[in-house]
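*Asks:* I have a structure here, written as structure tokens, and I will follow up with some questions on it.
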Amino acid sequence: MSADTDSASAGGDVQDGRRWSRRGVGALFGAAVASTAVAGRAAADSPPEREFHAEAGPGTSTGPTGPTGPTRGRPNVLVVLADDMGWADLSCYGSPDIRTPHLDALARQGVRFTNGYAAAAQCSPTRFALYTGRFPGRLRGGLAEPIASRDEREGIPADHPTLASLLRAAGYRTAMHGKWHCGFLPWYSPTRCGWEEFFGNFAGALDYYSKVNHLGEHDLYEGEVPVRSLAYYTDALTDRTVEFLRRPHDRPWLLNLNFTTPHSPWEAPGDTAVSEELTRRQLAGDRWAMFHVDGGSLTTYVKMVESLDTALGRVFRALRESGQERNTLVLFASDNGGERFSYQWPLSGAKDSLLEGGIRVPTILRWPARVPGGQVRHAPVVTQDWTATILEVAGVVPAPTHPLDGRSVAGHLLRGEPAPDRDLFWRTRRFRALRRGRWKYYRGPALFSGEVTDHLFDLETDVREQANLAARRPAILADLRARWERIDSELLRYP
């Protein structure tokens, strides 16, 4: 379909066989064009990626089952979230500076998604979407962008079905290590929402060494009990995860591993002096200390991302040595786009923005038992789709009282069915976005004037979102805007 096709239903995968240079590879993937070129130095000697093609594999069935249904053969599920990682902050997505050999290897062994999206441009709403499989705006707590303080109205209620509660009821062991950010004690907690064990933090930002958060409070918990650790937080979470993987397991498990890396404060391993200064300032009443607006550098950021990759190398090795690797579905993604040190080329925008740089994130899936590796997939997928997908491959039926907004991609990934054909929806208090195929409706600040206005972008030809086609394609704009407004009308209003 040509760029001039005046139809809002124009969609499908964007494909092109051109080769690009090392630095140009980020732009290639950002534009979601298919390429046989290998991305990143770490993968330079590896076989080239091939276009995604589902191949039937032995082992796991994906039919629904209940709490008393069969557990044999169902996959373990490891969901890894980075925090504020930019679109191209990995070698395999085109970073010219950051080396991520372990995540590059994960991509080579699985499927790398070039159009993977976060459900929101902020931490909390995306996590609401992942845990509930629904738009963040269906819950009061999902309206916070993000949850910044204790408020009994802001969190996931204990009686709301979650990925963990549904899997647990079906016989899974469930655990969460790391950042929760879906409501504070005494009202909300992972252990009240289906996770049998929790080791991590409740707030959105905390110091990597002292574990003091942006509220000036110690924020490291075992369940709902405060605990102490002076280890670098990325390493502390990794240690706990390795221990979990090495345990004997007599049933399948779900583990949510939620790093705070590379979220501020800008502290790499060994930066204890920076930690001491920021902790002192925070405890003295500087409420912005943990956001570290007066610090950081590209060098520090590179070290933080690379330390995350090293940590995940330990996790993947423990998984392999435990004998569970083959039938463990591993999903890696970020909760939103990157911040000021992230590498996002060729995307515009960053965290908090509904331009591509605020919502398009690195996304990798590996499941050796069912999904052949070395593949790249260009069809869009968003956070809540993974909730639906995980439930399906685990044989678990979603709660009928809380229908999912996400669409499972299991049929597409495992059986070669067409990718889900639907619109992707985002909103913030001020801005809007909706993607349908190549077309994206965006309401936000205009180039040059800064006036909030409607935009229409053709992501196939303009992934950087610089050419506003609203005046040239008014019918498409009107159609997408009307669809955005229909979805929005079903959600809660912002307070």
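Numbering follows full-length UniProt numbering, with no gaps: position 152 of the sequence shown is 152. The beta-carbon is built from N, C-alpha and C at its ideal position, and this holds for glycine as well.
1. Give the secondary structure of residue 545 by DSSP, where H, G and I count as helix, E and B as strand, and everything else as coil.
2. Under the DSSP definition of a beta bridge, which residues are partnered with M176?
3. Does DSSP put R464 in a helix, in a strand, or in coil?
4. For V80, collect the residues of the same chain with a Cβ closer than 6 Å to its Cβ; drop the 5 residues on either side in sequence, then sort them by chain order.
5. When you compare the CB positions of Q384 and A121, do they come within less than 9 Å of one another, or not?
6. Among R192, R464, L456, P445, whose alpha-carbon lies nearest the alpha-carbon of A470?
7. With a threshold of 8 Å, are at least 3 pairs of Cβ atoms found where one atom belongs to the stretch 358–366 and the other to the stretch 97–112?
8. Terminal residues of the continuous beta strand (DSSP E) containing W439?
9. Measure the alpha-carbon distance for A164 versus G110 and round it to whole angstroms.
10. With DSSP as the reference, label G374 as helix, strand or coil.
11. Assess contact between the stretch 223–242 and the stretch 251–270, defined as three or more Cβ pairs (one per stretch) separated by less than 8 Å. Is contact present?
12. Compare the beta carbon distance of T300 and A289 with 9 Å and say whether it is the shorter of the two.
13. Could you round the C-beta distance between T162 and T132 to whole angstroms and report it? I think they count as a contact, below 8 Å.
14. Look at the alpha carbon of S124 and the alpha carbon of C182, and state the distance between them as a whole number of angstroms.
15. Please list, in chain order, all residues of the same chain as H292 whose beta carbon is under 6 Å from its beta carbon, the five residues on each side excluded.
16. Quick one: using the 10 Å Cβ neighbour count with 16 as the cut-off for buried, is H249 buried or exposed?
17. From the DSSP output, which residues share a beta bridge with W426?
18. Which residue wins for smallest C-alpha separation from L354, given the options V376, E306, Y117?
19. Can you check the stretch 278–353 for any alpha helix (DSSP H) of at least 4 residues that lies completely inside it and give the ranges in chain order?
20. Inspect the beta-carbon positions of R438 and D423 and report whether they are closer than 9 Å.
21. Between A268 and the rest of its own chain, which residues show a CB-CB distance below 6 Å, the 5 nearest in sequence each way excluded?
22. Residue range of the beta strand (DSSP E) that V238 falls in?
*Replies:* Reading it off the structure:
1. Any property of residue 545 remains undetermined from this structure, which presents the chain solely from 1 to 495.
2. Taking the first residue of the sequence shown as 1, we reach residue 176 at position 176. Beta-bridge pairing links M176 to F198, N256.
3. For this step, residue 464 is matched to residue 464 along the sequence shown. In the three-state reduction of the DSSP assignment, R464 falls in the coil class, being assigned neither a helical nor a strand state.
4. On the sequence shown, position 80 is the one that residue 80 refers to. Closer than 6 Å at Cβ, skipping near neighbours: L257, F332.
5. What you label residue 384 is simply residue 384 of the sequence shown in a count that begins at 1. What you label residue 121 is simply residue 121 of the sequence shown in a count that begins at 1. The beta carbons of Q384 and A121 sit no closer together than 9 Å.
6. As a position in the sequence shown, residue 470 is number 470, starting the count at 1. Checked all of R192, R464, L456, P445; the closest Cα to A470 is L456.
7. For the pair of segments examined, the stretch 358–366 was found to touch the stretch 97–112: the number of CB pairs separated by less than 8 Å reaches three.
8. One-based indexing of the sequence shown puts residue 439 at position 439. Per DSSP, W439 is one residue of the beta strand (DSSP E) stretching across 439–445.
9. Translated into positions along the sequence shown, residue 164 becomes position 164. Translated into positions along the sequence shown, residue 110 becomes position 110. Inter-residue distance for A164 and G110 is about 24 Å (C-alpha atoms, whole angstroms).
10. Mapped onto the sequence shown, residue 374 falls at position 374. Correct three-state label for G374: coil.
11. Yes, since at least three Cβ pairs between the stretch 223–242 and the stretch 251–270 fall closer than 8 Å, the two stretches touch.
12. Reading the sequence shown from its first residue, position 300 is the one you call residue 300. Reading the sequence shown from its first residue, position 289 is the one you call residue 289. No, Cβ-Cβ distance for T300 and A289 is not below 9 Å.
13. Within the sequence shown, numbered from 1, the residue matching residue 162 stands at position 162. Within the sequence shown, numbered from 1, the residue matching residue 132 stands at position 132. That pair is a contact at about 6 Å.
14. As a position in the sequence shown, residue 124 is number 124, starting the count at 1. As a position in the sequence shown, residue 182 is number 182, starting the count at 1. Distance between the alpha carbons of S124 and C182: 6 Å.
15. Within the sequence shown, residue 292 is the residue found at index 292, counting from 1. These residues qualify, in order along the chain: S264, P265, W266.
16. Here residue 249 corresponds to residue number 249 of the sequence shown, with the count starting at 1. Looking at its Cβ environment, which holds fewer than 16 other Cβ atoms inside 10 Å, H249 is exposed.
17. The residue given as residue 426 occupies position 426 in the sequence shown. For W426, DSSP records a beta bridge to A433.
18. Here residue 354 corresponds to residue number 354 of the sequence shown, with the count starting at 1. Nearest C-alpha to L354: Y117.
19. Fully enclosed alpha helix (DSSP H) runs of no fewer than 4 residues occupy 298–321 of the stretch 278–353, in order along the chain.
20. Taking the first residue of the sequence shown as 1, we reach residue 438 at position 438. Taking the first residue of the sequence shown as 1, we reach residue 423 at position 423. In terms of Cβ geometry, R438 and D423 do not form a close pair [threshold 9 Å].
21. Position 268 of the sequence shown, counting from 1, holds the residue named residue 268. T300, K303, M304, listed in sequence order.
22. Position 238 of the sequence shown, counting from 1, holds the residue named residue 238. The identity of residue 238 in the sequence shown is Thr, whereas the question assumes Val. Looking at the DSSP string, T238 is not in any beta strand (DSSP E); the run it does join, the alpha helix (DSSP H), is 233–246.
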